[in-house]
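S.K.: So that we are looking at the same thing, I have put the structure below in structure tokens.
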Amino acid sequence: MPSYDVLVVGAGPAGGATALAAARAGARVLCIERHNAVGVPVQCAEHIPALLVGQMDLGASFIVQSTRGMKFFLPGSPVRETAMPGFVVNRDHFDQCLIQAAIDAGAELMTATQAIRRMDDDTILLRRKSGQSFTVKAGVIVGADGPRSLVGRWVGSVNQHLLSAMQITMPLAAPMEHTEVYFDRDYYAGYGWLFPKKDIANVGIGLKKCLHDPKHLRTKLDDLAARLSAEGKIRGAPVSVTYGWIPAGPVRKAAYGNVILVGDAAGHTHPITGAGIFMAVTCGQMAGKWAAIAAKEKDMRLLLQYDTQWRDLFEDTLTRACQHRITMEDRWEQFPEIIKSCWEAYRVYDG
Ligand SMILES: Cc1cc2nc3c(=O)[nH]c(=O)nc-3n(C[C@H](O)[C@H](O)[C@H](O)COP(=O)(O)OP(=O)(O)OC[C@H]3O[C@@H](n4cnc5c(N)ncnc54)[C@H](O)[C@@H]3O)c2cc1C
């Protein structure tokens, strides 16, 4: 049976960053991805903070355009603007750059390969799309398998609070330098967005899941697209449509024996904005380092250091944002005032 120091399940930003860090630290790493190609399909508005590019140090080939900041549109209030340098990227290429760097550092990648079952502590059953099943052994198992993580289920740690999001890509009428966020009473505890990507735009809506079915989401998204067309921001017909889940729950631990969770699987997503790429990569860098050390030392207690390290950086922010989310959901009837106290862009925000 093939044996590895670290098995990374999922090759998104969290898995790619984990595999890269672990391989660079000298571990024998296998990263598996259930899709045929890494980064495809794209289920993302593709915006990253500018500082992440320097932190990753993988060049800039995935950048499509820069953004100067974010504009916020709240009914009955003047448009607010925050300075927040960022980039809109080709997310598929972004994920591929990370995993290629991991491969260059010595990690092995298997696409079209899905984690199926944990047979015992360190033996995992995998299945290829061809139908072939096989087992691998790994000292450390990393769940980087997204918002509805199977690895999370193995250790009883799942995302209970999810937002559902739907997005269309539309031709952009004229170049834009800001991302835009739209609030509406109908977007329960969520928001709409337009993120410009050179001559196209990612236009989407994310809402609290429980109250809304996909039809409702699509209707609201079509309404938003019609509004933005009427305002002369976008034109023509959608080029593509995508959807996905966004974790928006409280902080929980990410290390369970020889299993660690990272990225969306661990709930490393901002519960108000839904942004998760920066945290997925940053926590992946920590996870990979500690996974390699724990495997080498054969001491899984060292994985608790990963839990401490990511909490030191993100726990306060996530906890505060989660409190704001709870307030926003409980007091949604106070829209639009509740937006002003729960979103950092507004002066009454009490973070
Ligand atoms: C519509 C939408 C728009 C978004 N826009 C933004 C944005 O603009 N900026 C931002 O920062 N964040 C955004 N996010 C959030 C962001 O996409 C996620 O936080 C980020 O992708 C998390 O990375 P990850 O690697 O943890 O998970 P993922 O990117 O979900 O990667 C998990 C990978 O694991 C694979 N996988 C799952 N199960 C298995 C299995 N059993 N075996 C093998 N492989 C498996 C999946 O195929 C996938 O490739 C958005 C999310 C959505 C839904």
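Going left to right, the sequence shown walks through residues 1345 to 1695 as my numbering numbers them.
Every residue, glycine too, gets a C-beta built ideally from N, C-alpha and C.
(1) From His1614, Ala1371, Gly1354, pick the residue whose C-alpha is nearest to that of Gly1483; which is it?
(2) Using 8 angstroms as the threshold, is the C-beta distance between Asp1466 and Ala1355 below it?
(3) Report back the beta-carbon spacing between Thr1513 and Ile1549 to the nearest angstrom; my notes put them in contact at under 8 angstroms.
(4) Considering only the alpha carbon of each residue, which of Ile1376, Trp1654, Leu1442 lies closest to Val1397?
(5) Give the single residue among Val1350, His1522, Gly1588, Lys1597 whose Cα lies nearest to the Cα of Gln1387.
(6) Leaving aside the five residues before and after Ser1410 along the sequence, list all residues of the same chain whose C-beta is less than 6 angstroms from its C-beta, in chain order.
(7) With DSSP as the reference, please indicate the residues paired to His1391 in a beta bridge.
(8) Looking only at its chain, what residues have a beta carbon closer than 6 angstroms to the beta carbon of Gly1576, apart from the 5 residues adjacent to it on each side?
(9) Is the Cβ-Cβ distance between Gly1359 and Ala1488 less than 8 angstroms?
(10) I'd like to confirm something about Pro1357: is its beta-carbon nearer than 7 angstroms to some heavy atom of ligand 1, or not?
(11) Between Ile1621 and ligand 1, is the CB less than 7 angstroms from at least one heavy atom?
(12) What does DSSP give as the partner residue(s) for Pro1540 in the beta ladder?
(13) Following the continuous beta strand (DSSP E) through Asp1464, name the residue where it begins and the one where it ends.
(14) Spatial neighbours of Ala1389 within its chain, please: C-beta separation below 7 angstroms, excluding the five flanking residues on both sides.
(15) Among the candidates Lys1564, Glu1688, Gln1629, whose CA atom is the shortest distance from the CA of Gln1649?
(16) Assuming Ile1407 contacts Val1382 (C-beta within less than 8 angstroms), just tell me the rounded distance between them.
(17) I'd like the list of long-range same chain contacts for Ser1573, defined as Cβ closer than 7 angstroms, with 5 residues on each side in sequence excluded.
(18) Quick one: measure Cβ to Cβ for Ile1376 and Val1486, integer angstroms, because I've assumed they're closer than 8 angstroms.
(19) Once you ignore the five residues that flank Met1672 on each side, which residues in its own chain have a CB closer than 6 angstroms to its CB?
(20) Alpha carbon to alpha carbon, how far is Arg1562 from Arg1462?
(21) Per DSSP, which one or two residues make a beta bridge with Gln1511?
(22) Going by the beta-carbon positions, is the gap between Gly1618 and Leu1506 smaller than 8 angstroms?
(23) Would you give the residue range spanned by the alpha helix (DSSP H) that Ile1637 belongs to?
(24) By alpha-carbon positions, which one of Asp1656, Tyr1690, Ser1501, Pro1591 ends up nearest to Ala1598?
M.R.: Straight from the coordinates:
(1) Ala1371
(2) no
(3) Not really, about 14 angstroms apart at Cβ, beyond 8 angstroms.
(4) Leu1442
(5) Gly1588
(6) Phe1431
(7) Val1432
(8) Ala1517
(9) yes
(10) yes
(11) yes
(12) Ala1545
(13) 1457–1464
(14) Gln1511, Trp1537, Phe1539, Asn1546, Gly1548
(15) Gln1629
(16) Incorrect: roughly 18 angstroms between the Cβ atoms, too far for contact.
(17) Arg1579
(18) That belief does not hold up - the Cβ atoms of Ile1376 and Val1486 are roughly 11 angstroms apart, past 8 angstroms.
(19) Ala1533, Ile1682, Cys1686
(20) 37 angstroms
(21) Gly1548, Thr1586
(22) no
(23) 1621–1641
(24) Ser1501
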